[in-house]
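Only one structure is covered here, and it is reproduced in the block below.
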Amino acid sequence: MKNQKFETNAIHVGEKPNIKEGGSGDVISPIHLSTTFARQDVDIPTAGYEYSRSLNPTRKALEAKLAALENAKYALAFSSGMAAETSLLLALLQTGNHVIATDDLYGGTQRLFLKVFQPNYNINFSLVNTGNSENIANSLQENTKLLWLESPTNPLLKISDIANIARTVKSKGVITVVDNTFMSPYFQNPLNLGADIVLHSTSKYINGHSDSIGGAIMTNNKDIYEKIQFIQNSVGAIMSPFDSYMVLRGIKTLAARMKVHGENAIQIANFLNQHPKVKKVIYPGLTSHPQHEIAKKQMKGFGGMISIELDGGINEAKKFVSSLNYFALAESLGGVESLIELPAPMTHASVPEKTREKLGITDSLVRISVGIENQDDLINDLKQALDKI
Ligand SMILES: Cc1ncc(COP(=O)(O)O)c(C=O)c1O
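In my numbering, the protein residues as written are 72 to 460.
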């Protein structure tokens with residue numbers, strides 16, 4: 072139906088039960104494990120399916136849903152967020168190209184840029200604070216091909232003005248990519264703001280249950296889609312049928328989950344903001360966040376990620392995170408269960424110490440992925456752990 076809303080798309084797009092004669096009427100998309108597909112005629116593959124790396128019915132159902140949720144014409148599902156990133160870079164860059172990217176990127180993305188593509192393929196990366204649009208204008212070069220934004224960033228939750236930046240670089244022929252993992256399509260739609268490509272680690276909010284690794288790319292640009300699809304098929308970076316099924320299942324509750332993640336996070340941020348053992352609370356929903364106004368303009372909510380700086384050093388931080396009952400001490404984020412971690416020795420350990428210092432990733436920085444448990448239980452748990460330091 073026309074003008075179908077997000078919640079309805081998340082449940083129905085790509086999964087229409089086949090109730091025609093001979094159809095089984097499955098309400099839920101079956102997991103198509105077949106690696107190859109029989110055809111009636113040499114020239115015409117059945118419904119376009121030949122070999123599962125190139126096209127698979129379960130993955131196709133998921134891709135239709137992923138496209139709908141980011142208001143995109145096209146979507147591709149990958150074996151991981153990193154596989155999506157690698158395929159994108161291989162598809163759109165050539166030796167000698169230059170990329171501008173947010174300085175406070177997910178550590179794995181930085182590693183891929185600076186330790187794989189830069190030395191091996193002679194692609195140059197300028198990592199700048201994209202929260203300040205002037206830094207982008209100053210970094211543009213003749214050979215700049217891509218602008219890579221994470222907004223909010225990981226773990227410092229810095230916000231970039233996506234619409235303003237995308238508009239500025241478009242006139243220079245630069246493609247804007249936004250890693251939208253932290254917001255999920257429920258809270259932010261970068262394509263609507265003028266970005267060319269949206270990328271997700273579906274391992275996080277989109278799947279939402281910490282039980283499947285995957286990635287996704289959405290775009291409205293046919294040429295970009297075809298180039299990335301060609302690489303995805305060539306290198307085999309596809310999401311498996313089983314993971315596609317898991318994500319199809321998880322995504323149905325994305326809207327309901329994100330609402331609770333957001334409601335819990337603002338209450339927890341307010342609680343932490345008043346606690347004497349917490350030096351600083353970083354959450355885009357707080358008016359104290361330096362880019363709160365931009366966040367309000369481009370996001371429909373502020374998400375479930377909070378970073379805090381404790382009054383103390385690494386020992387206090389370690390004591391705090393290991394004293395919690397409901398917040399598992401684990402990397403990753405975006406699951407229904409609350410997680411907590413220390414970026415410096417954990418997710419961002421691959422970022423050089425000097426760069427971490429420059430960015431503000433201190434030893435007492437704690438990143439919290441707020442789950443959808445009861446809000447009071449989570450606050451009481453944080454309270455008792457803070458009392459221990
Ligand atoms: C913002 C962001 N982008 C990309 C990735 C990489 O995704 P994956 O772990 O699914 O390969 C992560 C993983 O933590 C992430 O947090």
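Even glycine gets a Cβ: it sits at the ideal position worked out from N, Cα and C.
Same chain, Cβ closer than 8 Å to Asp-382, five either side skipped, listed in chain order: The residue you call residue 382 lines up with position 311 of the sequence shown. If we look at Asp-382 and ignore the five residues flanking it on each side, its Cβ neighbours are Pro-347, Lys-348, Val-349, Lys-350 and Ser-435.
Length-filtered (3 minimum) beta strand (DSSP E) runs lying within the segment 351–390: 376–381
Between the CA atoms of Thr-239 and Ala-208 - distance to the nearest angstrom: Taking the first residue of the sequence shown as position 1, residue 208 is located at position 137. Taking the first residue of the sequence shown as position 1, residue 239 is located at position 168. So the two alpha carbons sit approximately 8 Å from each other.
Range of the contiguous alpha helix (DSSP H) that encloses Arg-328: To locate residue 328, count along the sequence shown from 1; it is residue 257. Note, Arg-328: alpha helix (DSSP H), 325–344.
Collapsed DSSP secondary structure at Ile-288 in the structure displayed: Locating residue 288 in the sequence shown gives position 217, counting from the first residue. It is a strand residue.
Supposed close pair Pro-461, Ile-230 - CB separation, criterion 8 Å: Outside the modelled stretch of the chain, which goes from 72 to 460, sits residue 461, for which no answer is possible.
Meets three-Cβ-pair contact criterion under 8 Å: the segment 127–141 and the segment 96–103: yes
Proximity of Lys-298 and Ala-162 at Cβ, strictly below 9 Å: On the sequence shown, residue 298 is found 227 positions in, with the first residue counted as 1. On the sequence shown, residue 162 is found 91 positions in, with the first residue counted as 1. Closer than 9 Å, so yes.
Where Val-441 falls, given that 16 or more other Cβ within 10 Å makes a residue buried: Here the question's residue 441 lines up with position 370 in the sequence shown. With 16 or more other Cβ atoms within 10 Å, it is buried.
Buried versus exposed call for Ile-90 [16 or more other C-beta atoms within 10 Å across all chains shown]: Here the question's residue 90 lines up with position 19 in the sequence shown. Result: exposed.
Where His-83 falls: helix, strand or coil (DSSP): In the sequence shown, the residue the question calls residue 83 occupies position 12. Here His-83 sits in helix by DSSP.
Distance between Ser-151 and Ile-302 (C-alpha atoms, nearest Å): Walking along the sequence shown from the start, residue 302 turns up at place 231. Walking along the sequence shown from the start, residue 151 turns up at place 80. Taking the straight line from one Cα to the other gives about 15 Å.
Buried or exposed by the 16-neighbour rule on C-beta atoms within 10 Å, applied to Met-72: Reading the sequence shown from its first residue, position 1 is the one you call residue 72. When all chains shown are included, Met-72 counts as exposed.
Short Cβ contact (9 Å threshold) for Ala-143 with Leu-262: Residue numbering aside, residue 143 sits at position 72 when the sequence shown is read from its first letter. Residue numbering aside, residue 262 sits at position 191 when the sequence shown is read from its first letter. Yes. Within cutoff.
For Lys-91, the three-state DSSP class (helix, strand or coil): Looking up residue 91 in the sequence shown gives position 20. Of the three classes helix, strand and coil, the one that applies to Lys-91 here is coil, per DSSP.
Asn-225 to Leu-176 span [Cα, whole Å]: The residue given as residue 225 occupies position 154 in the sequence shown. The residue given as residue 176 occupies position 105 in the sequence shown. Each residue's Cα considered, the two are about 6 Å apart.
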